Every structure is written in C-alpha cells, then in structure tokens.
Amino acid sequence: MNPQANLIFITSLLLGTTITISSNHWIMAWTGLEINTLAILPLISKSHHPRAIEAATKYFLTQAAASALVLFSSMTNAWHTGQWDITQLTHPTSCLILTSAIAMKLGLVPFHFWFPEVLQGSPLTTGLILSTAMKLPPMTLLYMTSSSLNPTLLTILAILSAALGGWMGLNQTQIRKILAFSSISHLGWMAIILIYNPKLTLLNFYLYAVMTTAVFLTLNTTKVLKLSTLLTAWTKAPSLNTMLLLTLLSLAGLPPLTGFLPKWLIIQELTKQDMAPTATLISLLSLLSLFFYLRLAYCTTITLPPHTTNHMKQWRTNKPTSTAIAILTTVSVMLLPASPMILTIV
C-alpha cells in the first residue's frame, strides 16, 4: 500500500478513537465510530485477496448495523428524556439496544460470528489493530454508561462469551482464528465485572491489549499463520519463541504471569458482590481456552516435529528482535509483582 495512504488511514483511526473517547454527546461518539470503521476497511482489504475482500464486506455490514443501533438507542433516549449526554442514558429500552449494539461492535456472543472470519481474512498487523485499538472506543462507551446497563443481560452475555470463546477455539488450526476466539473469551471477563467495578474492566482491557500486541508482533516477525508452521518456527528465533510461550501462558491467565492479575481481581470482586457461583462458572469456562493456549504453547516450543516425514526447517535469523516486542513481552510476563502499585493507580 502507498505509504501516504497508509498514513492517512492510521491518522484517521487515531482521530476516530480520540473523538469517541473524548466526546460527551452521542452524535460525536457515533461520528468517531464511523470514522474508525471507514479507516480500517482499506487496511483489511489491502491484499486484494478474495478472502480479504470478504472480510472487509462482513466487517462493514456488521459495524454499520451496530452504528445504526447506537444512533437509534441514543435517539430513543433523547426522545424520552431530552438528554444527548452519554452518561445520562436512563431509558431501559435504550440501555438494552445500546448493550446489543456495543456487543456487536466488540464481538460478544451472540454477535460474535463476524470476528473470527474478519480476523482470518486480515493481515497480522491489521488483525492486531482489530483486536486491540478498534475495541477501545466501544469499551469507553460501555464504561461511561455502565451505571445504567442491565446487570443480568451483561452477565448472560459474559458467560456465553467465555463459554463459546473457549469451546469454538478448541478445534482451530489457524492462529488468527484462535486469537479471535481468545479475544471473545477475554471480552466475557471484561463484561461480567463492568457493572460492579468498571475500572477493573479497563485494567483487564489494557493488560489484554499489551499481551495480544506482544503475540501478534511476535507472529508477524516469524511470519507464522498456522499451527503447522508454528511447529518448525523455533529454528528461526529460539529466544523469541520462548518469550512467545510465556506470553501465551500469560494470556491464559496462569500465575505468576501478568494475565493472572485481572482474573484474580475479577474473581475477588465477584465474590464480594455475592456472585461466587458466577465466579466459579466463569473460572471453569476459562479452562476451555486454557487448553488451546497450552496447545499453542506446546507447538511454539516443540523442537522435533511429531512425525517422521521430512520438514523444511527455517533459517535462523540474525536480525535483532525489535525493542517494542522486547518491552511488550517483558510487561506481559513480569507485571504481577507490581500489582499493588497498579491497583493504587487504578
């Protein structure tokens, strides 16, 4: 892609995100979401492969429907209350429509069908933007309206997301699809705590974004898209693959890695809210996604292919690992001891 065009699209993404995050008026928030949607479409379809064009079309249709629902929800609220302020969303029907719209924007179950397909059709760098930066504006809207939303509906969506995100990722061989289902599962954890402690939702999102960025950038460096390629990738950059193993286990939420922190805090908060059965259920459902993280981690560090047919080994690269990957993987693995300090900031 033309560098000037690329710069325009990335700048538009930053602009759209900034407008949505900093707005108080529903129309401004909607405008930011629309700018974001239009800016990411060329980045998804830039390879001109039929799968990429299909992914861009699916993304456009779902995001357009979700944006229309956001607008409809805010107009219904304004009609009944005379308020266009985002924090003044009080009409029950508007709250339900908004929850559905944001679930569609984020890819929460049952509006998740587009997300794995779109991620599979996108390049790894665009997939990274879709999994992290594109989820920030909808998350901020949820954060600002959290006091008005329906707790039962959000809990149901969260449990379903954690269940289906883990269950549907079990049988996948394409790494981008596995990461899409991982994202859906993590969104379940974010949604379940939103009503009771919105700051924990944001903390979970930030840590998820850091860990996912580390994984995507590592995969982009080693040019890995499938599990079968991952099996022979260890020869290319052994130290990078070792860090990828730890980052994947951190995404799974295993102690003593960074990913354990949000899960631990969410379970603690749910128990304080007398929701111990819900906390138990979502913890058990996270075991499903733990299975495919462990499978990825196993494939990352396997040094001999599991069958006797000849495998073409990749040449070891002498190219130094980028500083961004080094910092992100370190943060993804070693942040748990700093949790008291993080909690005082949050």
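Numbering-wise, the sequence shown is residues 1159 to 1504 according to my numbering.
Yeah, the Cβ is synthetic: ideal placement off N, Cα and C, and Gly gets one too.
Predicted, not measured: the structure shown is a model, and the values here were computed from it.
CA-to-CA distance, residue j to residue i, given in whole angstroms
{"i": "Thr1487", "j": "Leu1402", "result": "8 Å"}
{"i": "Leu1277", "j": "Ser1341", "result": "11 Å"}
{"i": "Asn1235", "j": "Thr1257", "result": "13 Å"}
{"i": "Ile1255", "j": "Val1228", "result": "7 Å"}
{"i": "Lys1293", "j": "Phe1449", "result": "25 Å"}
{"i": "Pro1413", "j": "Gly1285", "result": "27 Å"}
{"i": "Ala1222", "j": "Ala1261", "result": "13 Å"}
{"i": "Ala1367", "j": "Thr1290", "result": "5 Å"}
{"i": "Pro1295", "j": "Leu1328", "result": "29 Å"}
{"i": "Ala1496", "j": "Ile1211", "result": "44 Å"}
{"i": "Ala1163", "j": "Ser1203", "result": "13 Å"}
{"i": "Met1159", "j": "Met1326", "result": "34 Å"}
Anticipated Cβ contact below 8 Å, residue i with residue j, distance rounded
{"i": "Leu1307", "j": "Cys1253", "result": "6 Å"}
{"i": "Trp1272", "j": "Thr1220", "result": "4 Å"}
{"i": "Lys1335", "j": "Pro1281", "result": "Not a contact, Cβ separation roughly 15 Å."}
{"i": "Ile1333", "j": "Leu1406", "result": "About 10 Å; that fails the 8 Å criterion."}
{"i": "Leu1299", "j": "Leu1365", "result": "Contact doesn't hold; Cβ gap of about 20 Å is too wide."}
{"i": "Met1297", "j": "Phe1363", "result": "5 Å"}
{"i": "Leu1165", "j": "Ile1287", "result": "With a Cβ gap of about 14 Å, Leu1165 and Ile1287 do not count as contacting."}
Own chain partners of residue i with C-beta closer than 8 Å, once the 5 adjacent residues on each side are dropped
{"i": "Glu1192", "result": "Gly1174, Ser1225"}
{"i": "Val1504", "result": "Lys1357, Leu1358, Leu1360, Leu1361"}
{"i": "Ser1480", "result": "Leu1375, Thr1379"}
{"i": "Met1302", "result": "Ile1244, Thr1245"}
Residue i: first and last residue of the uninterrupted alpha helix (DSSP H) it sits in
{"i": "Ser1397", "result": "1396-1410"}
{"i": "Pro1498", "result": "1497-1503"}
{"i": "Ala1222", "result": "1208-1239"}
{"i": "Trp1505", "result": "With the chain covering only 1159 through 1504, there is no way to say anything about residue 1505."}
{"i": "Gly1265", "result": "Taken as a continuous stretch (DSSP letters only), Gly1265 belongs to no alpha helix (DSSP H), as it is neither H nor E."}
{"i": "Ala1455", "result": "1434-1459"}
{"i": "Leu1318", "result": "1309-1326"}
{"i": "Ala1197", "result": "1184-1202"}
{"i": "Asn1164", "result": "1161-1180"}
{"i": "Phe1273", "result": "1272-1279"}
{"i": "Trp1347", "result": "1333-1351"}
{"i": "Lys1357", "result": "1356-1380"}
{"i": "His1390", "result": "Correcting the residue identity first, residue 1390 is Thr in this sequence and not His. Unbroken run through Thr1390: none, as it is neither H nor E."}
{"i": "Lys1415", "result": "Rather than Lys, the amino acid found at residue 1415 in this sequence is Leu. Here Leu1415 belongs to no alpha helix (DSSP H), and DSSP marks it neither H nor E."}
Contacting residues, own chain, Cβ-Cβ under 6 Å from residue i (five flanking each side not counted)
{"i": "Leu1493", "result": "Thr1416"}
{"i": "Ala1410", "result": "Leu1448, Tyr1451"}
Beta-carbon proximity list for residue i, same chain, < 7 Å, skipping 5 on both sides
{"i": "Asn1182", "result": "Asp1243, Ile1244"}
{"i": "Val1267", "result": "Leu1315, Leu1318, Ser1319, Leu1322, Ile1342"}
{"i": "Ala1482", "result": "Leu1375"}
{"i": "Gln1241", "result": "Asn1235"}
Between the region 1400-1415 and the region 1370-1387, do at least 3 Cβ pairs fall closer than 8 Å?
yes
Does the region 1452-1460 touch the region 1350-1357, meaning 3 or more C-beta pairs lie closer than 8 Å?
Counting C-beta pairs closer than 8 Å gives fewer than three between the region 1350-1357 and the region 1452-1460, which falls short of the contact rule.
Determine, using beta-carbon pairs with one atom in the region 1417-1430 and one in the region 1375-1386, whether at least three such pairs fall under 8 Å.
No, they do not touch.
So does the region 1441-1448 actually touch the region 1318-1325, counting three or more Cβ pairs closer than 8 Å?
yes
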